[in-house]
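A quick write-up on the structure given underneath.
Number of protein chains: 2
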Amino acid sequence: MKAVPKRVDHEQRRRQIGEALLRIASTRGLQSATMREVAAEAGVSLRLVQYYFHTKEQLLVAALAYLGEQLTDRVSASIRALGPVTPRTVVYGTLTAALPTDEESVRLTRAYTGFYTLVFSEPELGERHGATYPDKLESLLAKQITLAQEAGEVASDVDPVLTAAALVALTHGLGSSVLGGQRDGAAALRILEYQLDRLFSGNRPG
Amino acid sequence: MKAVPKRVDHEQRRRQIGEALLRIASTRGLQSATMREVAAEAGVSLRLVQYYFHTKEQLLVAALAYLGEQLTDRVSASIRALGPVTPRTVVYGTLTAALPTDEESVRLTRAYTGFYTLVFSEPELGERHGATYPDKLESLLAKQITLAQEAGEVASDVDPVLTAAALVALTHGLGSSVLGGQRDGAAALRILEYQLDRLFSGNRPG
DNA sequence: TTTTATTTGGTACGAGCGTATCATGAAAGC
DNA sequence: GCTTTCATGATACGCTCGTACCAAATAAAA
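Keeping their order, the protein sequence lines are chains A and B. Using our numbering, the first residue of the first sequence is number 1, and each one after it goes up by one. Using our numbering, the first residue of the second sequence is number 207, and each one after it goes up by one.
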């Protein structure tokens, strides 16, 4: 079967090629990520890309999976960096990690946006991958907000579900504005933190 | 020179073709709006599209202008529909009009998103058009929030600029989630109105 | 009516795309 | 050692894209 690869590690090769695609997607855009460009970026021949990914869609799906890994890695690292795990640090860490503030996050959000817009025109890709990231994010945040309410950190009259959805949408919108060149990452972070500070100020604003 | 067009009204023809492109952009996506597809959708020959728009970029720029008209028309209609012009109605009307809730707004936001993402990869188009819509929107909303503060409708300690930016980004993010099929327009509207209601509730939430 | 400029149609060209095909070197199994 | 399978390479095919070219109608001007 596939007991031991003969010469090279298949998974490593696939990853090498998939990451080349992500690199292109985050610099020249996903529509520039042709099979030939990916091959050149990965330093291999076109035939090799076809060998490991019989079709382009398979390549895209694999690259999207790799991107998902990097994204969740970054989020958990961001939460960890904020010290003890509390509802507040989870919410801050999760959302600020998704904002394109430094070089790595710009890369990730650019690539992610590319896939997101691709799904607009090719819905099969999203179904094949089942990428319901935002939904899980929202329910996670809603739970954290509820916990924060019980701890008195968030006013008791806020609706956790509606607020969590708004925060995710806000973060997404801010990310788009940064990628679109409307403002820089620091400004976006300021806007997001302002909203979070207002939310986590207990019963009174300010 | 071009005193009187001989047979047909040039501007009308250009509009006919431009709207055909918008129709394609809002259904099959902007990447499906090839010159041939636009010609077929407009019911004219490919040569005619080339005649009125020497290059595809000119066609895109013109269509973007038409889209802008329709967008501002919809916003002012939405404001007018909310009754007397107050800061509150202006803010509600502007933002809810930008949300894909009915068929028309879905069409508009789909087309708008197509152009927005196109600018990601072709920044020249945005520069050529100078489409700094969001910036103007934010300053307009910031001013309205300031007015609402003076009228006591909004808590005096909110930052109008940061809040306006957040509202625009929130609306954009919500629109994306609707277009991405994550929720429907009604749910997005509920989330937005919840935030607006909290903002316009004076000094206390609820 | 003849001329001329404007408006329309049909078609071809060159480039880039995803994909398929043919061919070859190198390791594994008998 | 020979054969079979895996891994890689070079190249070709069919398609679609934006654009360019050639030609024919038709309305305005003379």
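We put the CB at the ideal spot given by N, CA and C, even for glycine. Given the structure is predicted, the values throughout are model-derived calculations rather than measurements.
Think of a sphere of 7 angstroms around the beta carbon of residue 176(A): the chain B residues whose beta carbon falls inside it are 378, in chain order.
Annotated three-state conformation of residue 154(A) is strand, per DSSP. Annotated three-state conformation of residue 34(A) is coil, per DSSP.
In this model, residue 165(A) and residue 138(A) are separated by some 6 angstroms (Cα to Cα). In this structure, DSSP gives residue 84(A) a state outside helix and strand, which the three-state scheme calls coil.
Along the segment 122-143 of chain A, going in chain order, the ones with a CB nearer than 7 angstroms to a CB of chain B are 134, 135. Ranked by Cα distance from residue 125(A), the options 186(A), 12(A), 56(A) are led by 56(A).
With contacts defined by Cβ atoms closer than 7 angstroms, residue 189(A) and residue 375(B) do not form a contacting pair. In the DSSP assignment, residue 99(A) falls outside any alpha helix (DSSP H), carrying neither H nor E. Shown in chain order are the members of the segment 180-191 of chain A whose Cβ falls below 9 angstroms from a Cβ of chain B: 180, 181, 182, 183, 187, 188, 190, 191.
The segment 262-280 of chain B and the segment 246-254 of chain B do not touch, with fewer than 3 CB-CB distances between them shorter than 8 angstroms. In the DSSP assignment, residue 390(B) falls outside any alpha helix (DSSP H), carrying neither H nor E. Taking residue 223(B) as reference, the option from 382(B), 351(B), 316(B), 249(B) with the minimal CA-CA separation is 249(B). The three-state secondary structure of residue 233(B), taken from DSSP, is helix.
By a beta-carbon distance limit of 8 angstroms, residue 350(B) contacts residue 296(B). Their separation comes to about 5 angstroms. Against chain A, the beta carbon of residue 325(B) has neighbours under 8 angstroms at 180, listed in chain order. Judged by their CB atoms, residue 284(B) and residue 271(B) are not nearer to each other than the 7 angstroms cut-off. Taking the C-beta atoms as reference points, residue 177(A) is found no nearer than 7 angstroms to residue 235(B). Taking the beta carbon of residue 29(A) as reference, the chain B residues within 8 angstroms of it are 326, 327, listed in sequence order.
Here DSSP, grouped into helix, strand and coil, assigns residue 378(B) to helix. Counting the other Cβ atoms within 10 Å of the Cβ of residue 357(B) gives fewer than 16, which makes it exposed. Against chain A, the CB of residue 264(B) has no partner CB under 7 angstroms away; the residue lies outside that interface. By the C-beta density criterion, residue 36(A) is exposed, having fewer than 16 other C-beta atoms within 10 angstroms. Contact between residue 21(A) and residue 33(A) holds, with the beta-carbon distance rounding to 5 angstroms and staying under 8 angstroms. Identification of chain A residues near residue 355(B) by a Cβ-Cβ cut-off of 7 angstroms yields none; the smallest Cβ-Cβ distance measures about 13 angstroms. With a cut-off of 8 angstroms on Cβ pairs, the segment 94-112 of chain A is not in contact with the segment 306-324 of chain B, counting fewer than three such pairs. CA-CA distance, residue 147(A) to residue 140(A), rounds to 11 angstroms. Residue 391(B) is not a Cβ neighbour of residue 292(B), given a cutoff of 7 angstroms. Listed by position along chain A, the residues whose Cβ is nearer than 9 angstroms to that of residue 368(B) are 190, 191, 194, 195. Residue 163(A) and residue 13(A) have their C-alpha atoms spaced approximately 43 angstroms apart.
Residue 299(B) is classed as buried because its beta carbon has at least 16 other beta carbons within 10 Å across all chains shown. Taking a Cβ-Cβ threshold of 9 angstroms, none of the residues of chain B is close to residue 92(A); the smallest such distance is about 16 angstroms. If you look at residue 49(A), you'll find it in the alpha helix (DSSP H) that goes 46-52.
The alpha carbon of residue 68(A) has as its nearest neighbour, out of 19(A), 54(A), 83(A), 41(A), the alpha carbon of 19(A). Here residue 9(A) carries a coil assignment [DSSP, helix/strand/coil].
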